[in-house]
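According to numbering that gives the first Met the number 0, the sequence shown is numbered sequentially starting from 0.
What follows is one structure encoded as C-alpha cells, with my remarks underneath.
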Amino acid sequence: MKVKFLKSAPSIEQAPEPNLVEVALLGRSNVGKSSFLNSWTGQKIAKTSSTPGKTKLINFFEVEEGGKKYRIVDLPGFGYAKVSKSMKREWGRELDRFLRERFNIKLFIHLRDARHPDLEIDRMVEEYLNSIKRRDQQVLIIFTKMDKLKQKEIARLKRQFPGALLVSNTKKRGFEEVKRRIAEILWGEERDEESPTGGEGPEAQGERKLKKGEG
Ligand SMILES: Nc1nc2c(ncn2[C@@H]2O[C@H](COP(=O)(O)OP(=O)(O)OP(=O)(O)O)[C@@H](O)[C@H]2O)c(=O)[nH]1
Ligand SMILES: [Mg+2]
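Spelled out as C-alpha cells, the structure:
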C-alpha cells in the first residue's frame with residue numbers, strides 16, 4: 000500500500016477535486032483517528048498526540064493499493080469533554096458542510112474508544128451520520144484501544160455490539176479484519192462486475208444495478 004499526504008483544507012472549497020472515492024475518519028478527539036490511519040496504511044504519516052485536538056484541518060491522504068486509488072480523510076475530533084446539542088455547533092459549520100456535501104465519501108469510519116463504547120456524544124454522531132448518509136454511503140463503527148481491555152471486557156463489548164470491529168493502534172491488532180471489511184465496502188460490488196460473470200444472465204446484472212441505486 001502506497002500512501003502520500005495530499006493537502007489540508009479548512010473547508011470543502013479548498014478540498015481536492017472529488018474525483019476519487021474517499022473514506023472519512025470521525026470520532027472524539029484523542030480516540031485515535033490519526034493513529035488508526037497510520038496503522039491501517041503501515042506508515043507514520045499522520046501526526047498524533049496525547050493532547051486532544053491535534054488535528055485541526057481536513058487532511059487528505061492518497062492511497063494506492065492493488066491498482067486502486069482512493070483517499071483517506073483524517074478529520075479533527077469533537078467533544079472531548081463537553082457534550083453539545085448539535086453536531087453543527089460541536090464541529091463547526093465547515094465540517095458539517097463538508098460531511099454533508101462531499102458526495103465522493105463512500106465510507107464514514109466512526110471510531111469509538113473501547114473503554115467507553117457507549118458515550119452520549121458517540122450516539123449523537125451515530126444519529127448524525129445516519130441522518131446525512133446517502134444510499135451509496137456506509138458507516139462502519141470501529142473500537143480503538145482494545146489493548147486497554149481485559150479479555151472479559153472484550154467479550155462483553157462484543158456481546159453489546161455484535162459484529163463489532165476492535166483494533167489496537169499501538170499493538171497493531173485487528174487490522175486484517177478491518178481491511179477486509181473496508182475493501183468489501185469500497186470494491187466489493189465492482190470486483191463482482193470485473194470477475195467473469197460465470198453464466199450470470201442480464202437479470203442478475205440488472206438487479207445489481209438496482210441495488211446500487213443506478214439506472
Ligand atoms: N493504548 C492505545 N493508545 C492509542 C491507541 N490509538 C491511539 N492511541 C493514543 O491516543 C492518543 C491520541 O491519538 P491520535 O491518533 O492523535 O488521536 P486523534 O483521534 O487523531 O486525536 P485528535 O486529532 O486530537 O482528534 C495518542 O497518545 C495515541 O498514541 C490504541 O489503539 N491504543
Ligand atoms: Mg488526529
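Even for Gly, the Cβ is constructed at its ideal location relative to N, Cα and C.
Membership of L106 in the beta strand (DSSP E) is indicated by the continuous run I104 to D112. Here the alpha carbons of S48 and Q137 stand approximately 28 Å from one another. Every unbroken stretch of the alpha helix (DSSP H) spanning 4 or more residues and falling wholly within the segment 12-61 is given here in chain order: 32-40. Cβ contact annotation for G173 (same chain, cutoff 6 Å, sequence separation greater than five): L165 and V166, in chain order. According to DSSP, residue pairing for S7 in a beta bridge involves N58. Any heavy atom of ligand 1 within less than 6 Å of a residue's beta carbon puts that residue on the list, which reads G26, S28, N29, V30, G31, K32, S33, S34, T47, S48, S49, P51, G52, K53, T54, P75, G76, T143, K144, D146, K147, S167, N168 and T169. Counting only runs that start and end inside the segment 132-193, the beta strand (DSSP E) elements of at least 3 residues fall at 137-143. In the three-state reduction of the DSSP assignment, D73 falls in the strand class, which pools E and B. L74 and R92 have their C-alpha atoms roughly 14 Å apart. Counting only the Cα atoms, V72 lies some 23 Å from K170. Taking the CA atoms as reference points, L156 sits about 23 Å from Y127. Beta-bridge analysis with DSSP links V2 to V62. If you check the CB distance, L106 and I184 come in under 7 Å.
The C-beta separation of A45 from S28 comes to about 14 Å, leaving the pair out of contact by the 8 Å criterion. Across the set V30, K144, K68 and G65, the C-alpha of V30 shows the shortest separation from the C-alpha of K53. Distances from the alpha-carbon of L5 to those of K178, E63 and E176 put E63 closest. By alpha-carbon distance to F97, the top candidate from I181, E176, A23 and V177 is A23.
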